[in-house]
Every structure is written in structure tokens, then in C-alpha cells.
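Enquirer: Numbering (UniProt numbering), first residue to last: 1 to 412.
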Amino acid sequence: MTDSLPAALPVVVIGAGPAGLMAAEVLANAGVPVQVFDGMPSVGRKFLLAGVGGMNITHSEAYTAFVARYAERSTAIDALLRDFDADALRQWIHGLGIDTFVGSSGRVFPRDMKAAPLLRAWLKRLREAGVVIHTRQRWLGWAGDGRLRLSGAQGEQQIAARAVVLALGGASWARLGSDGAWVPLLQARAVDISPLRPSNCGFEVAGWSDVLSAKHAGAPVKNIALSVPGAAPRKGEFILTAQGVEGSLVYAWSAPLRQAIERDGSAVLRLDLLPDKSVESTAKALARPRGSRSMAKHLQAQLGLEGVKAGLLRELTEPALFNDLPRLAEAIKALDIRLLRTRPLDEAISTAGGVRFEALDPGLMLKAVPGVFCAGEMLDWEAPTGGYLLTACFASGVRAGRAAAHWLAQQD
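Now the structure itself:
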């Protein structure tokens with residue numbers, strides 16, 4: 001990191017996550033001198049943390065199903081993936097000398113499951129391509145004459161740039177650099193922005209009983225299915241928290257749950273404790289004689305319901321239901337958990353909302369601010385975990401980088 005910054009540059013990339021670094025690589029490969037600025041002490045911090053439990057880089061499912069994961073923004077993301085899809089991303093990783101493999105769930109991982117070696121190899125290639133990266137430089141917006149304002153150890157400095165790629169992330173995990181501080185800066189330039197909301201997040205209930213919370217908060221609820229009204233159930237697991245629910249299967253439903261809360265004030269998450277059994281077979285098992293055994297022991301012996309599952313069944317039903325076995329069987333297959341709110345935005349894995357695609361041209365350039373391009377999670381889209389988030393970030397970086405290079409060439 002140099003003490004003083006250059007006075008003028010052809011192109012500046014602000015944000016050194018996957019989208020920003022990919023835009024920088026594309027620009028450098030097009031022969032454009034590029035410098036990257038990031039407010040954190042080191043680059044790719046959220047990328048590295050996301051890879052701590054195993055770097056899920058993309059997904060191997062068929063393209064049509066893959067694109068559908070982006071829901072309301074599937075058309076916009078499809079346009080980006082046509083240039084750089086999951087297969088292209090895997091080939092790009094292989095070009096860094098890192099093998100990938102497809103896990104049993106269809107998710108794609110680097111061979112060693114780690115993010116750090118991938119990032120190190122990528123940064124080496126970027127340096128060799130002439131990309132200069134400045135850290136501890138926080139973007140503050142624009143000066144009156146259009147120059148970029150950057151704040152670092154030497155105070156505020158200003159840079160003129162012919163083109164700018166913004167890749168500033170959403171507003172989750174602020175300690176890693178994505179704090180949404182860019183929103184008012186772009187709104188001041190009349191950029192249309194959808195409010196930032198939590199995505200892939202946990203949810204809160206009105207309050208678990210003291211008994212359930214004391215016994216089972218933090219416990220995984222495994223081999224179950226969850227659904228929302230009008231959608232087919234999905235099997236998996238989630239975590240019971242002191243406030244409500246979280247975990248991979250909850251995250252998969254986070255968008256419709258959040259939308260229902262925004263619309264109706266609450267949302268219903270339907271829990272099937274025995275997704276591999278029908279209501280009829282469940283009722284038949286309950287009807288077997290239990291002799292002197294308690295109902296708790298009967299549920300455990302006949303259906304394997306114990307621990308946190310049994311706790312949830314008690315929590316979400318009336319005591320009288322345990323004397324009506326046909327209705328109890330129905331409840332075991334359809335317990336409604338009423339959710340009142342999302343967990344705070346800064347706890348979410350990712351962000352919904354951002355710069356609307358309607359505010360961008362096909363090259364992701366801001367219509368209101370010519371020469372400024374946007375990429376990554378700061379755009380108005382969301383997707384479940386499973387590699388979809390990263391793939392779209394990389395693809396948007398490719399599109400913004402190519403479009404910025406083309407725009408610069410047209411200005412000459």
C-alpha cells in the first residue's frame with residue numbers, strides 16, 4: 001500500500017471481493033491498467049470466512065434449474081450467466097491450478113475444500129497481470145468535480161478515474177467490509193435502490209417456552225421437511241435457536257418467508273417431523289398399544305420422536321391433542337411455526353435488495369452516472385446458499401469488467 005495515491009487513473013475498482021477482483025482481472029486482460037481499492041486491511045474477507053466450513057464455489061445442477069434459483073431476478077441473472085456460468089467458473093478455477101469436485105448434494109468445491117489457496121493463487125495472477133490493490137482505503141463518494149474520495153491512513157485523498165466499477169457488497173457481515181454505506185452515496189446521484197434486507201437468514205418466533213429453550217436451544221433438528229404455503233416441502237435440517245429458527249433449510253425459504261412477513265406481519269413455516277412416513281402410517285404406529293408406557297416413551301418407541309423433535313411437538317400443539325391420535329398424526333406431519341421477524345441484517349449470510357437492474361444498462365453501467373458500473377451483491381438480486389451467490393457475483397464481475405473496458409475504448 002502506497003502512502004499517496006495516483007492523481008488519475010483509467011479505471012478504478014472499489015471493493016476487493018469476488019466481483020471486484022473478477023472485474024479487475026477482465027479489465028487487465030483487456031489491456032486496461034486497473035487499480036483496486038478496499039476499505040479493509042486485506043482483501044476477500046467475506047469470501048474467506050464463507051469458505052471456513054468448506055468452500056462451496058458453485059453448483060452442478062442443470063442450467064434451467066440453476067437459473068430458477070434467482071427467482072424474480074432469474075431473467076437478469078440469466079443474461080449474466082450466459083457469459084460466465086457455473087461450468088465457466090469451474091474452468092476458471094482449474095486455470096488457477098486448483099481442482100474441483102462435485103459433492104453428494106451437487107455442490108461444487110475446490111479439491112482441498114479451502115478458500116485461502118484459491119484466493120492466494122488468484123491474487124498472484126492479478127499481480128502478474130499488473131493489477132494494483134490498495135487496502136485500508138474507504139470510498140466516501142464523489143467530490144464536487146467528480147473525483148473519487150478515498151479515506152486512508154493519510155487522510156482523505158481524491159482520484160480522477162475515467163471509469164469506475166463499484167463492487168461494495170450488501171450490508172451483511174459489516175465487520176468484513178459489507179456495511180451498505182454506499183446506499184446514500186448512490187441515492188444522492190438519483191440511482192434507484194431497493195432497500196437492503198436480510199437473505200439466507202434466521203427468523204424469530206414470538207417466544208419459545210422456557211422449557212424448550214433451556215433444553216434444546218442450539219440443537220439441530222434433523223431428517224425433517226419444511227415448506228411454505230403453496231410450495232412443495234424440502235427435506236434437510238435446521239437449528240432451533242433461543243429466538244426461533246435458522247440453518248440451511250430455513251435459509252432456503254428465507255425469501256418467501258421475509259416477503260410474507262413484510263406483507264402480512266408474520267409468516268408460517270410448516271414442519272414435517274417424519275417426511276418419510278405418511279399420515280396413515282404415522283397414525284397406525286400411534287394406534288399400537290402402549291400399555292403402561294408414557295406418551296413420550298410411546299412416541300419414541302413407535303416413531304423415533306425424542307429430544308428436540310418431541311419438544312417441538314409438545315411446544316406447537318395443545319395438550320388435549322395427545323388424546324386424539326388421528327389428529328396427533330396429522331400434527332406430526334404438519335406443525336406450523338409462526339415467524340414474526342428476520343434476525344438482524346448484519347447476521348444474515350447475504351442481502352436482498354440493492355441497485356435495481358432497471359437503473360443499469362445491459363453492461364451494468366448506472367444510467368444516472370455514466371462510466372460507473374456495479375457488480376456483485378450490491379445489485380438487487382438474491383439466491384439461496386449452495387454456490388449460487390458466488391457464481392452470480394463472479395458473473396456480474398465479468399460483465400462489468402468487459403463493459404467498462406468497452407466503454408473506455410469508445411471514449412478514445
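Heads up, the beta-carbon is just placed ideally off N, CA and C, and yes, glycines get one too.
(1) Under 9 Å, do Gly-15 and Phe-37 count as touching if we go by C-beta distance?
(2) Using only alpha-carbon positions, find the residue among Asp-361, Pro-370, Asp-276 and Leu-345 that is nearest to Lys-333.
(3) On the DSSP bridge assignment, give the partners of Pro-336 in chain order.
(4) Let me check understanding here. Comparing Cα to Cα, which of Arg-189, Glu-246, Ala-405 and Ala-283 lies closest to Glu-347?
(5) Whose CA, out of Ala-403, Arg-338 and Glu-358, lies closest to the CA of Val-191?
(6) Just to confirm, is the Cβ distance from Thr-135 to Gly-39 under 9 Å?
(7) For the putative contact between Ala-252 and Arg-234, defined by C-beta atoms under 8 Å, what is the C-beta separation to the nearest angstrom?
(8) Please classify Gln-137 as buried or exposed, where buried requires at least 16 other C-beta atoms within 10 Å of its C-beta.
(9) Rounding to the nearest angstrom, what Cα-Cα distance links Thr-2 and Leu-126 in this structure?
(10) Would you kindly report the start and end of the unbroken alpha helix (DSSP H) that includes Cys-374?
(11) Taking Leu-89 as the reference, which of Lys-114, Arg-73 and His-59 has the closest Cα?
(12) Have a look at Leu-226 and Gly-311 and give me their C-alpha separation to the nearest angstrom.
(13) In whole angstroms, what separates the C-alpha of Pro-362 from that of Leu-328?
(14) Going by DSSP in three states, Ile-77 sits in which element: helix, strand or coil?
(15) What residue does the beta strand (DSSP E) around Thr-391 start on, and which one ends it?
(16) First and last residue of the alpha helix (DSSP H) that includes Val-13?
(17) At what residues does the beta strand (DSSP E) containing Leu-223 begin and finish?
(18) List the DSSP bridge partners of Ala-161.
(19) By the three-class DSSP mapping on this structure, what secondary structure does Arg-147 have?
(20) Give me the DSSP bridge partner(s) of Ser-199.
(21) Is any non-hydrogen atom of the ligand SAH found closer than 8 Å to the C-beta of Pro-370, if you look at the structure I gave you?
Expert: The relevant details are as follows:
(1) For the purposes of this step, residue 15 is taken as residue 15 along the sequence shown, with counting starting at 1. For the purposes of this step, residue 37 is taken as residue 37 along the sequence shown, with counting starting at 1. In this structure, Phe-37 lies closer than 9 Å to Gly-15 by Cβ.
(2) Here residue 333 refers to the residue found at position 333 when the sequence shown is read from its first residue. Of the listed residues, the one whose Cα sits closest to Lys-333 is Asp-276.
(3) Reading the sequence shown from its first residue, position 336 is the one you call residue 336. Position check: residue 336 holds Asp in this sequence, whereas Pro was assumed. Bridge partners of Asp-336: Arg-270.
(4) Looking up residue 347 in the sequence shown gives position 347. Considering only alpha carbons, the answer is Glu-246.
(5) Numbered from its first residue, the sequence shown carries residue 191 at position 191. Measuring from the Cα of Val-191, the nearest candidate turns out to be Glu-358.
(6) In the sequence shown, residue 135 corresponds to position 135, counting from 1. In the sequence shown, residue 39 corresponds to position 39, counting from 1. The answer is yes: Cβ separation under 9 Å.
(7) Here residue 252 refers to the residue found at position 252 of the sequence shown. Here residue 234 refers to the residue found at position 234 of the sequence shown. With a Cβ gap of about 6 Å, Ala-252 and Arg-234 count as contacting.
(8) Stepping through the sequence shown from its first residue, residue 137 is reached at position 137. Buried, because 16 or more other Cβ atoms sit within 10 Å of the Cβ of Gln-137.
(9) Position 2 of the sequence shown, counted from the start, is the residue given in the question as residue 2. Position 126 of the sequence shown, counted from the start, is the residue given in the question as residue 126. Confidence in Thr-2 is poor, its pLDDT being 44 and thus under 50, which makes the residue's placement unreliable; the coordinate value appears in the next sentence. If I take the Cα positions, the gap works out to 18 Å.
(10) Locating residue 374 in the sequence shown gives position 374, counting from the first residue. Taken as a continuous stretch (DSSP letters only), Cys-374 belongs to no alpha helix (DSSP H), being part of the beta strand (DSSP E) at 372-374.
(11) The residue you call residue 89 lines up with position 89 of the sequence shown. Among Lys-114, Arg-73 and His-59, the Cα nearest to that of Leu-89 is on His-59.
(12) Residue mapping note: residue 226 aligns to position 226 of the sequence shown, counting from 1. Residue mapping note: residue 311 aligns to position 311 of the sequence shown, counting from 1. Their Cα atoms are separated by approximately 17 Å.
(13) Here residue 362 refers to the residue found at position 362 when the sequence shown is read from its first residue. Here residue 328 refers to the residue found at position 328 when the sequence shown is read from its first residue. Distance between the alpha carbons of Pro-362 and Leu-328 is about 54 Å.
(14) Position 77 of the sequence shown, counted from the first residue, corresponds to residue 77. Ile-77 falls in the helix class under three-state DSSP.
(15) Residue 391 sits at position 391 when you count from the first residue of the sequence shown. Per DSSP, Thr-391 belongs to no beta strand (DSSP E); it is in the alpha helix (DSSP H), 388-411.
(16) Within the sequence shown, numbered from 1, the residue matching residue 13 stands at position 13. No alpha helix (DSSP H) contains Val-13, which is instead part of the beta strand (DSSP E) from 8-14.
(17) By 1-based counting over the sequence shown, the position of residue 223 is 223. Reading the sequence as shown, one finds Asn at residue 223 and not Leu. It spans 220-227 - the beta strand (DSSP E) in which Asn-223 sits, taken as one unbroken run.
(18) The residue labelled residue 161 in the question sits at position 161 within the sequence shown. According to DSSP, Ala-161 bridges with Leu-9.
(19) On the sequence shown, residue 147 is found 147 positions in, with the first residue counted as 1. It is coil, neither helix nor strand.
(20) Residue mapping note: residue 199 aligns to position 199 of the sequence shown, counting from 1. Residue pairing by DSSP places Ser-199 opposite Ser-350 in a beta bridge.
(21) The ligand SAH is not part of the structure shown, which contains no ligands of any sort.
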